[in-house]
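Report on the structure given below.
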Amino acid sequence: MVVCVCNALKERDVREAARGGASSACQAYRALGCQAKCGQCVPFARAIIDAERAAA
Numbered sequence: 110m111v112v113c114v115c116n117a118l119k120e121r122d123v124r125e126a127a128r129g130g131a132s133s134a135c136q137a138y139r140a141l142g143c144q145a146k147c148g149q150c151v152p153f154a155r156a157i158i159d160a161e162r163a164a165a
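Count along the sequence shown from 1, add 109, and you get the number used in our numbering.
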């Protein structure tokens, strides 16, 4: 599933960044070499990161 259309980030990319230590959407985007542009994806990215952290 696509999380961020602006940066073409997929859910698996955000999950991998979270597993790599990103604890916020901004950290995940930086780890993936980009940044949020329009911001529509940030709440969804946060939810994915929170889910990954809860599962760890």
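The C-beta atom is built at its ideal place from N, Cα and C for all residues, glycine as well.
Are there 16 or more other CB atoms within 10 angstroms of the CB of C115, so buried, or fewer, so exposed?
In the sequence shown, the residue the question calls residue 115 occupies position 6. Burial call: exposed.
From the DSSP output, in three-state form, read off V111 for me.
One-based indexing of the sequence shown puts residue 111 at position 2. Reduced to three states, the DSSP call for V111 is strand.
Less than 8 angstroms between the CB atoms is what I'm expecting for A154 and A140, so what's the real figure, rounded?
Numbered from its first residue, the sequence shown carries residue 154 at position 45. Numbered from its first residue, the sequence shown carries residue 140 at position 31. Not confirmed; about 12 angstroms, so no contact.
Rounded to whole angstroms, what is the Cα-Cα separation between G130 and Q149?
Translated into the one-based positions of the sequence shown, residue 130 becomes position 21. Translated into the one-based positions of the sequence shown, residue 149 becomes position 40. About 23 angstroms.
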